[in-house]
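Quick note, the sequence shown lines up with residues 402 to 1012 if you use my numbering. Glycine included, each C-beta is placed from N, C-alpha and C at the ideal position. Nothing here was measured: the structure is a model prediction, and the numbers come from that model.
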Amino acid sequence: MKFTLRKFASRHRDILMRSLTVSLILSISGGACYSYQLVRNTLLASLKKNAFLELAQGRESLDRWLSNQKIHVETLANTDQVRALDWAKTEPYLKSETLRFSDVYAIAIARPDGWRNVIGGKPANIADRVFFQKAMTGITNVSDPLISRANQTPSLAIAAPIREGFDTNSPPIGEIHSLVTLERINRVISSLEYGKNSYAFAIDSQGRVVAHANPAFGFGKTQAQDAQLLEIIQHIPKNKQGIELIKVGNQTQYLAHLPLQEANWFVALLIPRENIESQLQYLDSIALTVAGLAIALLVILGRIQLIEQGHLKKSNELLEKRVTERTAELSSAIEQIQQSQIWMIQNEKMSALGNLVAGVAHEINNPVNFIHGNLTYVNRYAEDLLHLIHLYQEQLPDSSEPIQHYLQEIDFEFLAGDLPKMLTSMRMGTDRIRQIVLSLRNFSRLDEAAVKPVDIHEGIDNTLLILQHRLKATADRTAVEVIKEYGDLPLVACYVSQLNQVFMNILVNALDAMEDQRSAKLPTSCTIRIRTQTLNQGMVQIAIADQGLGMTPEAQQRIFDPFFTTKPVGKGTGMGMSISYQIVTERHQGKLYCVSQLGEGTEFFVEIPIQ
């Protein structure tokens, strides 16, 4: 008995010591991990700030240079020689001014109508240039890069308004601008770097490259295009500065970006990740070593604990694991089989329906086209025969008594007036049949199984035309009014036949939901409202609302489950909304949901991406 108590006490102490050791290791490891992360974040922020300062110095250099160019042009605009707008007297003065700045190769003066004179060039109209338009509103501005019309050189235009006096509120009487080469910008951009394989570039307000460390990508008549560079430009937000990690191809790199103050441009510096984070490797090595030691200790303690556990427990765990895995495999297999069966049944159903619709449409289309095509000739022949009879009546007004009697018997005057109207009605009828046939063919879309851009409104209209017989009033049902509130939608890339099936399922459910209201002939009208709009996330939304009895919260939660239906037995399979949900969410990566309240109807929302 004493031996058993001593053994129990010894085991209890061992368990207590191991628990304390594990707790201590975990506490030390947690503190070390927090400290490491804090130090690493602080050091990384400092390294990113150093890289950002390199770009900021380049930005300041460009802003100072552009500011000097603006001051130069504004100073010229306030001189008496320029205000006179006499080019013959002003040109010698401006030629001397171009020599003061090595980057300026020409100066021009333009009148309010846009006609300008330029040093070394011929008179031309620049009313279409944006820098001229801004200057004539009183704004001194720096243009985006352009190809000079004077000498076909890639240039910048620094433009300022010319006023009669020093009153900045007075309207401009003309415009003056200097044409500046891009050499200074190229030199500044080429000098910016932060370690090996880093490079800088500048883009204008239109997202075009102004300057690049590689001259092949600089602005010019034939500017090289690079898919990777265009992808990088997409990551630069408008009017914001910062440095962040981006994915460029298969690599992650830092992108520092800054807007210029003197122009609506951005300068950016792309830095390989290792150029900044290489200095963190020593810290990471220490952290990995400490983590490895902690893990090793925990593993050793865990191994000791595992050895002490009995073989029975190991067997039980292994058995439970196998049972769980087999159960999960069986559940997954059953679910896959059910989904496959659903899709096979639906595909066969839609294929058979599509073939039937296409065959019926084809068989109707041929005789209708024959009748429709011959109606033109029948109408012409009828007009000719009626005209011939009228000529006989004019030439032989006193016809024989049998002819007069027969004309009265058939009411010839009414026949002559009603026959063209009858032929016109027949033509309208054949046009209606041809429109229905076309809608049937468009709805089935048997030859369009792949994704293609389509007009969503056309698919909705074709579906409504097919359901027209259910929308009209009958002897025991009131009509259903369809209210279309179509927005301005672009073409949407989708599986058009499958999306038409979704519209059909939703509209049929809406009509079924209002069946009792229509049969009762209530004084309130039954309507279906269809709204479409473009969302900000690159999605389009189609909302279809009815005035039915609505659904309970429990029914809303299960509305997209297979084989669930709120219809009476024999009127629904419970597959329509489940298949519609798969078509929208899985085939189109979109959303399908509904909002419903008892007594207030139901509204379904379909949201799919444009691309």
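Shown here for SER979: same chain residues with a beta carbon closer than 6 Å to its own, the five before and five after excluded, namely PHE961 and PRO963 in chain order. Less than 8 Å separates the beta-carbon of ALA561 from that of ALA478. Annotation: the region 655-719 contains the following complete segments of the beta strand (DSSP E) (minimum length 3 residues), in chain order: 667-673. Around the beta carbon of ARG460, 16 or more other beta carbons lie within 10 angstroms, which makes this residue buried. Counting C-beta pairs with one atom in each stretch, the region 511-526 and the region 566-575 have three or more that are closer than 8 Å, which means they touch.
The three-state reading of DSSP puts THR933 in strand, counting E and B together. By a beta-carbon distance limit of 8 Å, GLN642 does not contact PRO673. Their separation comes to about 21 Å. Under DSSP, ARG517 takes part in a beta bridge, and its partners are ALA511 and ALA525. Taking a 10 Å sphere around the C-beta of HIS473, we find 16 or more other C-beta atoms and assign the residue as buried. For PHE602, the number of other beta carbons within 10 angstroms of its own is at least 16, and it is reported as buried. Comparing alpha-carbon positions, the option among PRO803, LEU908, GLU663 and ILE508 lying closest to VAL543 turns out to be GLU663. With respect to the C-alpha of ARG609, the residue from LYS471, ASN615, PRO546 and ALA525 having the closest C-alpha is PRO546. In the DSSP assignment, ASN542 forms a beta bridge with ALA560. One Cα belongs to ASN615, the other to ILE633, and the distance between them is close to 15 Å.
If you check the CB distance, ILE590 and HIS613 come in under 8 Å.
In chain order, ALA452, GLU455, LEU670, ILE672 and ASN676 place their CB closer than 7 Å to the CB of TYR595, counting only its own chain and leaving out the 5 sequence neighbours on each side.
Close CB contacts of GLN680 within its chain, under the 8 Å cut and outside five residues either way in sequence, are with LEU444 and LEU448 (chain order). In its chain, beyond the 5 residues on either side, ASN542, SER544, ALA558, ALA560 and HIS578 have a beta carbon closer than 7 Å to the beta carbon of PHE532. DSSP places TYR994 in the strand class (E or B) of the three-state scheme. Considering only ASP862, GLY888 and ILE772, the residue with the shortest C-alpha distance to THR831 is ILE772. A direct Cα-to-Cα measurement between TYR807 and GLY818 gives close to 17 Å. In this model, SER716 and LYS722 are separated by some 10 Å (Cα to Cα). DSSP, reduced to helix, strand and coil, places LEU646 within a strand of the structure shown.
Taking the Cα of ARG988 as reference, the smallest distance to any Cα among GLU1001, PHE1005, GLY1000 and ILE1009 is reached at ILE1009. Look at TYR494 here: in three-state DSSP terms it is helix.
With contacts defined by Cβ atoms closer than 8 Å, ILE943 and ALA911 do not form a contacting pair.
Between ILE1011 and GLN902, the gap from beta carbon to beta carbon reaches 8 Å or more. By the criterion of a C-beta distance shorter than 6 Å, VAL855 is surrounded in its chain by VAL897, once the five residues flanking it on both sides are discounted. The beta carbons of LEU463 and ILE586 sit closer together than 8 Å. One Cα belongs to VAL649, the other to ASP862, and the distance between them is close to 44 Å. Separation of the CB atoms of LEU900 and GLY860 is rounded to 6 Å, and the pair is thereby assigned contact status at 8 Å. Residue state for LEU593 is assigned as coil, using DSSP reduced to three classes. In this chain, the alpha helix (DSSP H) harbouring ALA956 covers 954-959. Rounded to whole angstroms, the separation of the alpha carbons of HIS858 and MET952 is 27 Å. By the C-beta density criterion, ARG530 is buried, having at least 16 other C-beta atoms within 10 angstroms. The Cβ neighbour count for ALA507, taken over all protein chains shown within 10 Å, is at least 16; the residue is labelled buried.
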